[in-house]
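In order, the protein sequence lines correspond to chains A and B.
Each residue of the first sequence is one higher than the last, beginning at 1263 in the working numbering.
Each residue of the second sequence is one higher than the last, beginning at 46 in the working numbering.
All C-beta atoms, glycine included, are put in the ideal place defined by N, C-alpha and C.
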Amino acid sequence: MIKIQQEMFDIGAELAALSAGRTDIGAIASFVGLVRAHGDEPITAMTLEHYPGMTEKKLGEIEAEARARWPLQATLIVHRYGRMLPGEPIVLVATASAHRAAALESCAFLIDWLKTQAPFWKLEETAAASRWVEARGADDEAAARWRR
Amino acid sequence: MRILYFAWLRAKTGTASEEVSPPPEVTTVGALMEWLAAGRPGFAEALAAPGVVRAAVNRDYAQPADPVREGDEVAFFPPVTGG
């Protein structure tokens, strides 16, 4: 399941919904990305822009790839866009499987690929100015380790 | 052909989207970038570094050599920073 939304999400409620009413799931793995105030100039807000139409398409492709590679009962990606504050969640990735290896690995895969494939762009605000975040080589390397 | 600009490309060009009709000899993403940049300083600055600017054609990532056709949706943006 893919949810792209401006609204805040409830991490606990989203995870509980994954296995609600089911008894075939033995493991749920999850990742939450948060807005962090960091550095010499703490950021005061972050705005995420995205490409409506392509965002849904790419996240759907990433999810389908995970389901093809691992035996998964459920997957969930919730990704916010718009303006958000330090401490707020940006993204939730969760995967459910019978056993933990598939859940943990596929969760890591999803966030690593999302970081290099999903068409979002972050604008950081500080007290002084706003600047577009630059993509990191470390993200490309993390995604590359899943290449087959 | 519909052209979309995201993030700092939108800021530099002052344009979020535009409808264009390039001449028939513009058949690739790279040629389209050159044609869009010609005579428009903000666009030239935004599209100047093909190594940095990324593209999508009909919502799939595309390389400079990939084809573009009438009716396509082409987007230009920086490397993504989601997640």
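In this structure, the beta-carbon distance from B:Arg-104 to A:Lys-1265 does not fall below 8 Å.
Look at the stretch 92-107 of chain B: the residues with a C-beta under 7 Å from a C-beta of chain A are Ala-101, Arg-104. Taking a contact to require three or more Cβ pairs closer than 8 Å, the stretch 1333-1350 of chain A and the stretch 59-66 of chain B do not qualify as touching. The DSSP assignment places 1264-1267, 1289-1296, 1307-1312 as complete runs of the beta strand (DSSP E) inside the stretch 1264-1319 of chain A, in order along the chain (cut-off: 3 residues). Per DSSP, A:Glu-1367 lies in no beta strand (DSSP E); the unbroken alpha helix (DSSP H) holding it starts and ends at 1362-1379.
Per DSSP, the continuous alpha helix (DSSP H) segment holding A:Asp-1401 begins and ends at 1399-1406.
Under the 10 Å beta carbon count, A:Leu-1354 is surrounded by 16 or more other beta carbons and is classified as buried.
A Cβ of chain A is located within less than 8 Å of the beta carbon of B:Gly-127.
Take A:Ile-1373, set aside five residues on each side of it, and the residues of its chain with a beta-carbon closer than 6 Å to its own are Phe-1293, Val-1355, in chain order. Our two residues, A:Ala-1380 and A:Leu-1321, have alpha carbons roughly 6 Å apart in a direct line. Under DSSP, A:Pro-1351 shares a beta bridge with A:Leu-1296. Across the structure, B:Val-102 and B:Ala-120 are spaced so that their CA atoms are roughly 7 Å apart. With a cutoff of 8 Å on beta-carbon distance, A:Ser-1281 and A:Leu-1334 are scored as not near each other. Residues of chain B with a Cβ closer than 9 Å to the Cβ of A:Val-1294 do not exist, since the nearest Cβ in that chain sits about 11 Å away.
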